[in-house]
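Only one structure is covered here, and it is reproduced in the block below.
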Amino acid sequence: MCARYPDAQLQIAGDGEDQARLHKISEQLQVGENVEFLGFVNDIRSVYLANDCLVHLSGIESFGRVVVEASLCGLPVVVPQSAGTGELVINGHTGLTFTPNDLSDCVRALEQAYHLNENDYVRLAAAGQQRAITIFNPERLAEEYVGLANSILRR
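This is the structure:
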């Protein structure tokens, strides 16, 4: 993608076990100028707000907190269609999705995000933010938990 989009930048936040491997891959692919490793970030919201979209590659995420956080910040997301993250995003409406472990489909989704016009970008960001607000509304969640607890207690 860097060859086709030399102005594209990737920021990787976190200091997990894959950091050394990702550094090595970026060196092997000679894309170091396009990749910035942020390490541990105290204020992740500032990272979301400084970027154009969130790309979440994990195909085995059970919940996808990062996707929810980015969506709540109004950041469009590109995620795999998998349990957890794929359930949070409606493709083309609240974000963009790709087939897990399918590099060509991931590139397709990234290119689609890259080429969004301003109106579609704003629409996608706003719809994703609204979905995250609706799904993770504290009052609604509390009502659901109380209802679940009551149904269990009635058994």
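Going by this note's numbering, the sequence shown opens with residue 1319, and the numbers climb by one from there.
Where is the CB? At the ideal position from N, CA and C, for every residue including glycine.
Enclosing alpha helix (DSSP H) for residue i [first to last residue]
| i | result |
| --- | --- |
| Q1346 | Q1337 to Q1346 |
| T1403 | T1403 to L1406 |
| P1456 | P1456 to L1471 |
| L1366 | One detail in the question is off: residue 1366 reads as Tyr in this sequence, not Leu. Element bounds for Y1366: I1362 to L1367. |
| R1441 | E1436 to I1453 |
DSSP bridge partner residues for residue i (one or two, in chain order)
| i | result |
| --- | --- |
| I1330 | F1355 |
| G1377 | Answer is none; G1377 lacks a bridge partner. |
| P1398 | F1416 |
Top-ranked residue by Cα proximity to residue i, from the options
| i | options | result |
| --- | --- | --- |
| A1445 | Y1463, A1338 and C1391 | C1391 |
| G1357 | G1334, L1393 and G1377 | G1334 |
| G1377 | E1457, I1470 and F1416 | F1416 |
| P1398 | I1453, R1363 and L1414 | L1414 |
| N1437 | H1411, E1461 and A1460 | H1411 |
| G1332 | V1365, L1428, K1342 and V1396 | V1365 |
| I1453 | D1370, R1383 and A1338 | R1383 |
| I1451 | D1370, Y1463, V1407 and N1468 | V1407 |
Length of the line joining the Cα atoms of residue i and residue j
| i | j | result |
| --- | --- | --- |
| F1381 | H1374 | 12 Å |
| A1431 | R1441 | 12 Å |
| A1326 | R1458 | 39 Å |
| L1372 | V1385 | 7 Å |
| L1466 | P1456 | 15 Å |
| V1349 | C1320 | 7 Å |
| A1427 | F1355 | 22 Å |
| A1388 | R1363 | 8 Å |
Bounding residues of the beta strand (DSSP E) (the contiguous stretch that carries residue i)
| i | result |
| --- | --- |
| T1417 | Here T1417 belongs to no beta strand (DSSP E), and DSSP marks it neither H nor E. |
Contact with chain C by residue i, beta-carbon distance below 8 Å
| i | result |
| --- | --- |
| R1473 | Judged by its chain identifiers, the structure shown contains no chain C, having just a single protein chain. |
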